[in-house]
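Take a look at the structure below.
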Amino acid sequence: MRTFHCDHCGNPVFYENVFCAKCGHTLAFIPDVMLVASLDEVPPGNTPAKEVVAPSAAPPAPPDKPQKLPLWVSPVPRAKGKTYRLCRNYTEHAVCNWAISSNDKNDYCRSCRLTPVIPDLSVAENHALWLRLEIAKRRLLYSLLEYELPVHDRIEDPRLGLAFHFKGDPPGGPRVLTGHDHGLITVNIGEADDVQRERNRVSLHEPYRTLLGHFRHEIGHYYWDLLLQNSPRIEDYRKLFGDERANYDQALKDHYAKGPKPGWQESFVSEYASVHPWEDWAETWAHYLHMTDTLETAASCGLSLQPDRSDEPTLKKQVKKPAHRQNFDEIIDNWFPLTYALNNLNRGMGLSDAYPFILSPKAIEKLKFVHQTVCQASRAD
1085 MRTFHCDHCG
1095 NPVFYENVFC
1105 AKCGHTLAFI
1115 PDVMLVASLD
1125 EVPPGNTPAK
1135 EVVAPSAAPP
1145 APPDKPQKLP
1155 LWVSPVPRAK
1165 GKTYRLCRNY
1175 TEHAVCNWAI
1185 SSNDKNDYCR
1195 SCRLTPVIPD
1205 LSVAENHALW
1215 LRLEIAKRRL
1225 LYSLLEYELP
1235 VHDRIEDPRL
1245 GLAFHFKGDP
1255 PGGPRVLTGH
1265 DHGLITVNIG
1275 EADDVQRERN
1285 RVSLHEPYRT
1295 LLGHFRHEIG
1305 HYYWDLLLQN
1315 SPRIEDYRKL
1325 FGDERANYDQ
1335 ALKDHYAKGP
1345 KPGWQESFVS
1355 EYASVHPWED
1365 WAETWAHYLH
1375 MTDTLETAAS
1385 CGLSLQPDRS
1395 DEPTLKKQVK
1405 KPAHRQNFDE
1415 IIDNWFPLTY
1425 ALNNLNRGMG
1435 LSDAYPFILS
1445 PKAIEKLKFV
1455 HQTVCQASRA
1465 D
């Protein structure tokens, strides 16, 4: 993800910010210009606020009557002549920071309308968990939109649309499993609890487990269905990842009963990737998003590595362009020195490695296949 600055005072701001800490201006992410931008409210009477009603599928329940919502403008050149509203989850629940075009008839932004099921807000702690879930989901969506991948909700595309359900374990009921099912991504809200997630990470012997990592993994399953399942690339996928028609349930049972396949490090990005070709794809997809998002941030910050020793990794200042407009060799050549620096910086802070993985030649080949799939999809959509 790139870095952002307030358009009024130039102060650095983060993707999640809703106001500038220096000048106090309201901020919002504007999807049609892909920027976190400052906003100025249109004075009442200058431009009449549009009356809009949220569809019944969007959370929470729609109002009984249309709402008159204030309009905003931004000084960003690409937003010139446009007016915006703030997402209803921004103004009412403070869990969103996206803006909506004033021409849009929906109260909810493009991100929030993807989530028809939210946590039970009658439980006090669930609001904080919902916020963390939304932050991770919006970071995922930034990458998907930037790489020009198809992102459609189930109102736009009832058959192939995407939806997120954020659920907690019911009292005495069956545990909610995080997973993907034909475009529906369910996330157990417990994964947004740092203590519970760390407990799961340790018990499952995982070197890395984050909320954003879950979103990136599960969306990989979605794009396997969308981009590979019935595509001309399916046979190339099978040659590289394996035949996904192998019994998935049995593969999962074998993994948890017997452990990972011996020598998995030679072919897979992670231990879990060795379970089944579907999981191999989802794990590799997630790693591709880890890499490309972090590299974009490094490029946006102007990061380069010029060590005193000639035998240490170097990193030239990168060109600022999205991953799907880069050559894969550029990406992988920049990734190795960046992880060297990241892991050393983390250790200096007493933290675990930021990227605790070793990429084998076979794993890199799979990452290249993901890159090619993303590039092809962005041209086709």
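Residue numbers (this note's numbering): 1085 to 1465. Cβ coordinates follow ideal geometry from the N, Cα and C atoms, glycine included. Keep in mind that this is a model prediction, so the values were computed, not measured.
- Between leucine 1224 and leucine 1296 the beta-carbon gap is near 7 Å, inside 8 Å, which marks them as a contact.
- Shown here for serine 1462: same chain residues with a beta carbon closer than 6 Å to its own, the five before and five after excluded, namely Tyr1231, Glu1232, His1408 in chain order.
- CA-CA distance, serine 1287 to glutamine 1402, rounds to 39 Å.
- Note on geometry: alpha-carbon atoms of asparagine 1284 and aspartate 1253 lie some 15 Å from one another.
- An exposed status is given to proline 1291, since fewer than 16 other beta-carbon atoms sit within 10 Å of its beta-carbon.
- The beta-bridge partner set that DSSP reports for valine 1201 consists of His1249.
- Only residues of its own chain outside the window of five on either side were considered, and among them Val1179, Cys1180 have a CB closer than 7 Å to the CB of glutamate 1218, listed in chain order.
- Looking at the backbone, the Cα of glutamate 1176 and that of asparagine 1101 are separated by about 16 Å.
- Here serine 1195 has Trp1182, Arg1222, Leu1225 as same chain residues with Cβ atoms under 6 Å from its own Cβ, once five neighbours each way along the sequence are excluded.
- Check the Cα spacing between tryptophan 1348 and each of His1249, Pro1391, Val1359, Tyr1340: the tightest is with Val1359.
- Residue state for alanine 1382 is assigned as helix, using DSSP reduced to three classes.
- Looking at the DSSP output, glutamate 1125 shares a beta bridge with Trp1156.
- Apart from the 5 residues on each side of it in sequence, proline 1440 sits with its Cβ closer than 6 Å to the Cβ of Pro1291, Tyr1292 in its chain, given in chain order.
- Per DSSP, the unbroken beta strand (DSSP E) holding phenylalanine 1113 starts and ends at 1110-1114.
- The C-beta distance from leucine 1389 to proline 1397 rounds to 6 Å, short enough to meet the 8 Å contact threshold.
- According to the DSSP assignment, arginine 1222 belongs to the alpha helix (DSSP H) that extends over 1210-1230.
- Histidine 1089 and valine 1126 have their C-alpha atoms roughly 22 Å apart.
- By the Cβ-count criterion, proline 1316 is exposed, with fewer than 16 other Cβ atoms from all chains shown falling within 10 Å of its own Cβ.
- Within 10 angstroms of the beta-carbon of proline 1096 lie fewer than 16 other beta-carbons, which makes it exposed.
- Beta-carbon to beta-carbon, leucine 1373 and serine 1206 are separated by about 34 Å, too far to satisfy the 8 Å threshold.
- Residue pairing by DSSP places threonine 1270 opposite His1249, Gly1263 in a beta bridge.
- Straight across, the Cα-Cα distance linking aspartate 1241 with phenylalanine 1420 is about 39 Å.
- Beyond the five residues adjoining it in sequence on each side, leucine 1229 comes within less than 8 Å, by CB distance, of Pro1115, Met1118, Val1235 in the same chain, given in chain order.
- Pairing threonine 1167 with valine 1160 gives a Cβ-Cβ distance that is not under 8 Å.
- The continuous stretches of beta strand (DSSP E) do not include arginine 1285, which lies in the alpha helix (DSSP H) extending over residues 1278-1287.
- Burial state of tyrosine 1340 is exposed, judged by a 10 Å Cβ sphere holding fewer than 16 other Cβ atoms.
- In terms of Cβ geometry, histidine 1298 and glutamate 1275 form a close pair [threshold 8 Å].
- Per DSSP, the beta-bridge partners of aspartate 1237 are Leu1246.
- For tyrosine 1307, the enclosing alpha helix (DSSP H) has its first and last residue at 1295-1307.
- DSSP places tyrosine 1168 inside the beta strand (DSSP E), whose first and last residues are 1168-1170.
- For the pair methionine 1085 and glutamate 1380, the CB atoms are nearer than the 8 Å cut-off.
- Shown here, serine 1462 sits in a helix according to DSSP, grouped into three states.
- The bridge partners DSSP lists for serine 1185 are Tyr1168.
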